[in-house]
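Structure record follows, encoded as structure tokens.
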Amino acid sequence: MASCDPKFDLEQAFRKGIAAAISEDAAKTDPQIKFSGDPTHGDYQCNAALSIARAIKGNPRDVAEKILAATPLSALGTAEIAGPGFINIKLAQSALQTMLDRVDMDDLGIEPAPLPHAIVVDLCGVNVAKQMHVGHLRSTILGDVVARLHERLGRKVFRENHLGDWGLPIAMTMSALRRQKRDLKSLTLADLNHAYRAAQLEAATDTAGLEAARTRDAGPHRVIELETQQESAISAEQDAKSTLLKLQSGDVATVAAWQKLIDVTMADVLEIASVLGVRLTNEHSRGESFYRDKLAPTVQSFIDHGLAQEDQGALIVRIAEQERPLIIRKADGGFLYATTDLAAVHYRVAQLHAGEIIYVVDARQRDHFRDVFNAIHLIGWNKLADGTQCKLSHLAFGSVLGTDKKPLKTRSGELFTLKALLDEAIQRGTDQVKLRATQTDSPTQGTTDHEIAAIGRAVGIAAVKYADLSGDPIKDYVFDLDRMIAFEGDTGPYIQYAHARIASLISKSDAADSAISNSAWKFDHPAERALVLAILSFPATIKSAADLGSPQRVCAALHELANCYATFYQACPVLKAPDESTRLARLRLSLLTKRVLAQGLSLLGMDSPNRM
RNA sequence: GCGGCUGUAGCUCAAUUGGAUAGAGCACAAGCCUACGAAGCUUGGGGUUGCAGGUUCGAGUCCUGCCAGCCGCGCCA
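Residues in the first sequence are numbered consecutively from 65, following the working numbering.
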């Protein structure tokens, strides 16, 4: 099967050239084929001559000459040497046509790249009783897109929603609810969230205050005052601990209440996932409680391997060259977050046969994951049955900040909920679609209310997701409602717009599909050529986006493609092309662009409506 | 104190992992709907890439040292 990737073909050719002109050794290094940003430099360039020249102490231009002379470019195109030793390549029309034929198939040139083992994507990670806020958007959609990319390449993916459904916080919430005498039957997530926050405040606030007062030698009156406040917190904590004990020992009423909290939380999570177009259902939920029976054996394994030791009553794992150990059992005998994560890795490798586990989790947990991964390596739980090693990676993302660069809060002091954001986005999207549908000459005129709602939703959601996915995940980002729900410029709706425009063009053309798909490729105008190159680079972008876990690459490629199309659309009349063969060729190019755009949007979990 | 991340146009972000003149969007200014959707296109202004060194044909990218901001740092998750 011919390749549809100019870069790949050029790499093959230049490797041969380098092997013949320099040495087999030199050919093993990257031939450094890059897409030319500047069309005056050709389509692609080979930058290998410069680094090879240094290695063999030769003159870069001479080296480039030699390499080029030995490179079997043949039908691929022509090349010339420029600057200090760049080899600029202009691809031949015939070669591009062959590649277009390859892309213009059912798989759009994206060939399967399966892996021997499954990939686990740990995403979403909400806590029971906590409402999803905008911070959860990132883990959920980043994880979903990473999963989609791997799935598209034919890889087995497990989406694991490592729900925070076990431990003291949930017990605190339960005991708070009981003390408030809440009827669990009519419980909403907002109530839960409220109780959760109240419980957190009760327990946390004044511990910190008291500590501070003591360490800073505050006056005795202040300390006593705080200690008095502390008493209620302590009694609340006692109550929570006894609730936790009941839960852990399987007390029927407590377990039933616990299940109720999970149900209420999950109903909301799954609804949001559905609105977001994220593939996440109940079957992907494997929360902390799933591992509860595996915690003691996990700790025992570390003891048996001689990796755990007691320290100040707690059980710790020492990690080389690191001052702070990883605590796997508390002095009171309880287990921690880290214990659960260790057990989860074990399960995922041993039972799910994961060749890679990708944790899509907040960057603040970096140290935690580093320690857990190190502990896993120590005990060897990353080894698969066939002897290969599971790769443990943390796809860390930054925090969501307000425009004042402080943690996001609304005026009331409540966190901005994810639901509120999505509702607003859908509302604005719908308003916009509705407005356009009433304008004369609008292609959406006569659209039913039902369709308008569907399109408005697609546009609004795409805007929000694109805003989050198009940047580097590691950076904190400033939450700006207007920016996240923008429909113009470098946005999701911009891509959708290019797609809808093409759909409208094709339907107006009255050309039979077969006539379009049987026409000959033709692209003489620079805008057409740029569009062709953008199409051809897409499959490789998908592969690298999957391997690097970078959805932003997909966004950038789609924006580039949509932008090339917009320029082409402006410069090259399609329906009123000068002659029939040009008309059909441009229709074919448009149709292929439409399919690639739809594919890209789908990988980002966005709809591609035909009208908007 | 120790460790990590970040610093690019007025604002929000890119930069094919060391390549040629650092690019987009927003905002601003000027054009383009009697050719197919103006959620669009074209053009313009706007930069000492936090600072100072270093490595080399070549640095926003790698190294060293500073500065600033954010985050993390034993029995919460």
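Beta carbons: idealized from backbone N, C-alpha and C, even for Gly. These numbers were taken from a predicted model, which means no experiment stands behind them.
- Between the C-alpha atoms of I383 and A159 there is a straight-line separation of about 55 Å.
- Within the same chain, A372, V381, I392, I443 come within 7 Å of F366 by CB-CB distance, once the 5 residues on both sides are set aside.
- Going by DSSP, S457 is part of the beta strand (DSSP E) stretching over 455 to 461.
- In this structure, I151 lies away from A134, with their beta-carbon atoms at least 7 Å apart.
- Sequence-distant partners of A143 (beyond 5 residues in either direction) whose C-beta falls short of 7 Å from its own C-beta, in its chain, are L132, L137, I151, N152, I153.
- Across the set A408, A84, L253, S645, the C-alpha of A408 shows the shortest separation from the C-alpha of V184.
- As the crow flies, the alpha-carbon of D577 is around 12 Å from that of L656.
- A contact between stretches requires three or more CB pairs, one per stretch, nearer than 8 Å, and the segment 632 to 641 fails this requirement with the segment 191 to 200.
- Here L232 has A304, K305, L308 as same chain residues with Cβ atoms under 8 Å from its own Cβ, once five neighbours each way along the sequence are excluded.
- Under DSSP, the beta-bridge partners assigned to L379 are E374, R393.
- CA-to-CA, the gap between D396 and T403 works out to about 14 Å.
- Contact between the segment 485 to 502 and the segment 446 to 464 is absent: fewer than 3 CB-CB pairs across the two stretches fall below 8 Å.
- Going by DSSP, F366 is part of the alpha helix (DSSP H) stretching over 359 to 368.
- The DSSP-derived three-state label of R547 is helix.
- Note on geometry: alpha-carbon atoms of A439 and L406 lie some 8 Å from one another.
- The C-beta distance from S353 to D229 rounds to 5 Å, short enough to fall under 8 Å.
- It is roughly 48 Å from the alpha-carbon of P389 to the alpha-carbon of A117.
- In the pairwise beta carbon analysis, the segment 599 to 608 is classified as touching the segment 161 to 171: at least three pairs are separated by under 8 Å.
- In the assembly as shown, R430 is an exposed residue. Its beta-carbon has fewer than 16 other beta-carbons within 10 Å.
- Secondary structure at V184: strand, using DSSP grouped into helix, strand and coil.
- In the structure shown, the three-state DSSP call for C636 is coil.
- For F72, the enclosing alpha helix (DSSP H) covers residues 70 to 85.
- Secondary structure within the segment 542 to 589: the alpha helix (DSSP H) runs of 4 or more consecutive residues, fully enclosed, are 545 to 548, 556 to 573, 577 to 581 (chain order).
- Here the alpha carbon of T646 sits roughly 15 Å from the alpha carbon of Q157.
- Taking a 10 Å sphere around the C-beta of R650, we find 16 or more other C-beta atoms and assign the residue as buried.
- Around the beta carbon of K98, fewer than 16 other beta carbons sit within 10 angstroms, so the residue counts as exposed.
- In this chain, the beta strand (DSSP E) harbouring Q109 covers 108 to 110.
- Inside the segment 102 to 140, DSSP marks whole beta strand (DSSP E) runs of 3 or more residues at positions 108 to 110, from first to last along the chain.
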